[in-house]
């Protein structure tokens with residue numbers, strides 16, 4: 001995993017050089033990402049470990065472990081709390097959960113606790129974004145099917161949830177990024193090249209130009225008006241490319257450099273929220 005993070009660091013540094021806010025990047029203290037859970041490559045069991053990586057210092061710091069091993073989950077940050085939502089817990093790879101664990105970084109020392117609310121569905125390989133005090137749960141699935149749904153869950157009392165809309169196709173292991181009051185949704189299993197925008201205020205989805213190649217299981221980062229789709233898999237093998245997708249025009253381009261990395265855990269959740277701040 002450390003080799004993989006070193007290669008991510010090289011990638012981020014190259015992106016920083018093209019940013020208009022290089023001075024802010026260099027001076028930023030928000031230089032951490034958090035790696036949560038996943039599947040051990042040797043045991044093939046869900047991991048409960050949580051580690052924090054500092055890009056500038058190139059150091060790892062272990063954080064409190066999850067209450068239960070978990071993979072295929074979605075992760076967000078809300079009011080300085082890390083929420084890890086859904087996924088598969090323990091060794092049961094057939095049944096995803098609707099539970100949420102929260103790590104409150106305002107508490108010293110922070111420990112994982114059960115969140116007061118649950119997801120409205122049991123899901124794995126879904127994506128979540130925070131919009132105000134609401135959590136939007138987009139797609140995901142089980143071993144039997146991929147979901148075409150978008151739900152919302154209130155992150156404050158009464159922690160109620162509701163179905164917002166159905167999309168034309170189900171998708172899982174896709175990429176999402178929030179742009180103001182719209183969510184860009186790209187790729188994923190079941191919709192490998194499809195891209196759409198979910199308008200939160202209008203509660204509707206609009207189709208966008210497709211990706212140049214099928215893609216799922218990738219990481220995403222927002223930069224200005226574009227989504228960067230990093231790595232992932234296509235129909236044949238792992239991708240080591242970065243695709244830039246313009247939120248407004250739907251135009252895409254491959255960035256001029258690639259790299260290769262080897263992860264030491266599968267199905268992990270990487271909280272890219274801090275990295276997103278570096279790239280703005």
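In UniProt numbering, the protein residues as written are 1 to 280. Using N, Cα and C, we set each Cβ at its ideal position, and we do this for glycine too.
Quick one: residues in its chain with C-beta nearer than 7 Å to the C-beta of residue 247, no 5 flanking neighbours on either side, listed in chain order? The sequence position of residue 247 within the chain shown is 247, counting from 1. Closer than 7 Å at Cβ, skipping near neighbours: 179, 184, 225, 226, 227.
Threshold first: 3 residues or longer. Then list the beta strand (DSSP E) segments lying entirely within the region 102-147, N to C. Here the runs fully enclosed are 112-114, 127-131, 134-138.
Which residues mark the beginning and the end of the beta strand (DSSP E) in which residue 218 is found? The sequence position of residue 218 within the chain shown is 218, counting from 1. Here residue 218 belongs to no beta strand (DSSP E), and DSSP marks it neither H nor E.
Per DSSP, what are the beta-bridge partners of residue 242 in this structure? Here residue 242 is taken as the residue at index 242 of the chain shown, counted from 1. Bridge partners of residue 242: 230.
In the structure shown, what three-state DSSP assignment does residue 254 receive? Counting from one through the chain shown, the residue named residue 254 turns up at place 254. Reduced to three states, the DSSP call for residue 254 is strand.
For the pair the region 146-166 and the region 206-215, tell me if three or more CB-CB distances fall below 8 Å. No, because fewer than three Cβ pairs between the region 146-166 and the region 206-215 fall closer than 8 Å, the two stretches do not touch.
Status (buried if at least 16 other CB within 10 Å, exposed otherwise) for residue 86: Within the chain shown, the letter at position 86 stands for residue 86. Buried.
From this set, 57, 58, 84, which residue's C-alpha is nearest residue 50's C-alpha? Translated into the one-based positions of the chain shown, residue 50 becomes position 50. Closest option to residue 50, Cα to Cα, is 84.
Name, in chain order, the residues that DSSP records as bridge partners for residue 151. As a working mapping, residue 151 is identified with position 151 in the chain shown. BP columns for residue 151 point to 137, 163.
Three or more beta-carbon pairs under 8 Å between the region 102-111 and the region 150-160, yes or no? no
Pair within 7 Å by beta-carbon distance, residue 64 and residue 112: Start at 1 with the first residue of the chain shown, and residue 64 comes out as number 64. Start at 1 with the first residue of the chain shown, and residue 112 comes out as number 112. It is a contact, given that the beta carbons lie within the stated cut-off.
Where residue 169 and residue 175 are concerned, what is the direct C-alpha to C-alpha distance, given to the nearest angstrom? For the purposes of this step, residue 169 is taken as the residue at position 169 of the chain shown. For the purposes of this step, residue 175 is taken as the residue at position 175 of the chain shown. If you take the alpha carbons of residue 169 and residue 175, they lie about 15 Å apart.
Selected residue, minimal CA-CA separation from residue 80, among 141, 99, 57, 155: Your numbering for residue 80 matches position 80 in the chain shown. Ranked by Cα distance from residue 80, the first of 141, 99, 57, 155 is 155.
In DSSP terms, what residue 172 is bridged to: Along the chain shown, one-based indexing puts residue 172 at 172. For residue 172, which the question treats as bridged, DSSP gives the partners 189.
Anyone know if the C-beta pair for residue 231 and residue 173 falls short of 7 Å? The residue you call residue 231 lines up with position 231 of the chain shown. The residue you call residue 173 lines up with position 173 of the chain shown. In this structure, residue 173 does not lie closer than 7 Å to residue 231 by Cβ.
Nearest-angstrom beta carbon gap, residue 98 and residue 293 [assumed within contact, 8 Å]: It is not possible to answer for residue 293, since the shown part of the chain is limited to 1 through 280.
Excluding the five sequence neighbours on either side, which residues of its own chain have a C-beta within less than 6 Å of the C-beta of residue 135, listed in chain order? By one-based count along the chain shown, residue 135 stands at place 135. 128, 153, 155.
Would residue 221 count as contacting chain B if we go by Cβ distances under 7 Å? Annotation note: the requested chain B is absent from the structure, which comprises a single protein chain.
Using the Cβ count rule (16 or more neighbours within 10 Å means buried), how would you classify residue 281? In the structure as shown, the chain starts at 1 and stops at 280, and residue 281 therefore has no counterpart that could be examined.
Tell me the residue span of the beta strand (DSSP E) that contains residue 208. Stepping through the chain shown from its first residue, residue 208 is reached at position 208. That run of the beta strand (DSSP E) goes 204-208.
Residue range of the unbroken beta strand (DSSP E) whose run includes residue 32: The count along the chain shown starts at 1 and reaches residue 32 at position 32. From DSSP, the beta strand (DSSP E) with residue 32 extends over 32-36.
Roughly how many angstroms separate the alpha carbons of residue 58 and residue 77, rounded to a whole number? Translated into positions along the chain shown, residue 58 becomes position 58. Translated into positions along the chain shown, residue 77 becomes position 77. Distance between the alpha carbons of residue 58 and residue 77 is about 22 Å.
Residue 42 beta carbon less than 7 Å from that of residue 66: Residue mapping note: residue 66 aligns to position 66 of the chain shown, counting from 1. Residue mapping note: residue 42 aligns to position 42 of the chain shown, counting from 1. Going by C-beta atoms, residue 66 is not nearer than 7 Å to residue 42.
Boundaries (first-last residue) of the beta strand (DSSP E) holding residue 75: Locating residue 75 in the chain shown gives position 75, where the first residue counts as 1. Element bounds for residue 75: 74-78.
Outcome for residue 30 when other beta-carbon atoms lying within 10 angstroms are tallied against a minimum of 16: As a working note, residue 30 is residue 30 in the chain shown. Caution is warranted here: a pLDDT of 49 is assigned to residue 30, below 50, making its placement in the model unreliable, and the coordinate value is therefore given only provisionally. So residue 30 counts as exposed.
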